[in-house]
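Some notes on the structure that comes next.
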Amino acid sequence: MAEEMVAAQEAEEMDLAALMDGRARTYGLMARLFLKEVDKAALTELQGMRFPAATGNAKVDEGYHMLYDYLRTSWDDSITDLAIDYVRTFIGHGVNGFSAAYPFESVYTSERRLMMQEARAEVLQTLRENNLKRGHWTEGEDHIALELEFMQRMAMRTADALRAGDEDKAIEQLETQRTFAQDHLLNWLPMMTEDMRRFSHTAFYQGLAQLVMGYVEEDAAVLEELLDSVEEAA
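Under the working numbering, the residues of the sequence shown are numbered -15 to 218, in order.
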């Protein structure tokens, strides 16, 4: 009986580790798409990907569907179209904080819609607390790509902790992700993705807006459920 219980626990931890791997892959993909324009290598990779047909989340499903529809009819010139739309969507005219879906949390959480405000300092502190360095990053730390990459890195760490049998460390990592999603991502993504839908012209960036909003909402609920189950078991 004891051996069966141990085997069941190990299987559950492996399933959770696989879940963390999947979360990391999705956050990594979204971070890359927000980081810079789609180049030929990225377009080829995207065209070869298989997107899930139904996840149970309407926004995520619509996002994947729009990305798929765009990619299945894309061609070499699509790289130029996407580059133009990337600039139109995220850079705009640069005259004020209302000309594009600026990918910085500070723009959406500061009174004058300025960059490098309190949100940037908070994210930077979170990175430092978790021993994550900015490396070659030259933008403000509250850029959407870096915030998504933070979730990717923490999901990877959680998977590693689960496989190492360090449940306390895994719970700590999950709590960090839950707090970050609630205090940062969900605090401004609704506004940014609304602007993405307003400024972008391609189904690609329209779909990305739906995907990232739906996925972060769903993921935050998953994190909450996992941590609630831990508290109930304690």
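Using N, Cα and C, we set each Cβ at its ideal position, and we do this for glycine too.
Quick caveat, the model's predicted, so the values are computed rather than measured.
{"Item": "Nearest-angstrom beta carbon gap, residue 92 and residue 176 [assumed within contact, 8 Å]", "Value": "6 Å"}
{"Item": "Exposure label - residue -6; buried when at least 16 CB within 10 Å", "Value": "Per-residue confidence for residue -6 stands at a pLDDT of 46, beneath the threshold of 50, marking its modelled position as unreliable; the derived number appears in the next sentence. Its Cβ having fewer than 16 others within 10 Å, residue -6 is exposed."}
{"Item": "Under the three-state DSSP convention, the category residue 74 falls into", "Value": "helix"}
{"Item": "C-beta contact flag for residue 126 and residue 74 at 9 Å", "Value": "no"}
{"Item": "Segment contact, 8 Å Cβ cut-off, at least three pairs: the stretch 15 to 35 with the stretch 123 to 137", "Value": "yes"}
{"Item": "Separation of residue 105 from residue 159, as counted between CA atoms", "Value": "20 Å"}
{"Item": "Cα-Cα separation, residue 207 to residue 45", "Value": "20 Å"}
{"Item": "Buried or exposed by the 16-neighbour rule on C-beta atoms within 10 Å, applied to residue 185", "Value": "exposed"}
{"Item": "Pair within 9 Å by beta-carbon distance, residue 22 and residue 188", "Value": "yes"}
{"Item": "For residue 24 and residue 63, believed in contact at Cβ under 8 Å, the rounded distance", "Value": "6 Å"}
{"Item": "Residue 88 (DSSP reduced to helix, strand or coil)", "Value": "strand"}
{"Item": "For residue 127, the residue or residues it bridges with in DSSP", "Value": "88"}
{"Item": "Meets three-Cβ-pair contact criterion under 8 Å: the stretch 31 to 39 and the stretch 153 to 173", "Value": "no"}
{"Item": "Limits of the unbroken alpha helix (DSSP H) element including residue 27", "Value": "24 to 31"}
{"Item": "Collapsed DSSP secondary structure at residue 59 in the structure displayed", "Value": "coil"}
{"Item": "Three-way DSSP call (helix, strand, coil) for residue -5 in this model", "Value": "Note on residue -5: pLDDT 47, under 50, position unreliable in the model; no value is reported."}
{"Item": "Inter-residue spacing [alpha-carbon to alpha-carbon] between residue 26 and residue 60", "Value": "12 Å"}
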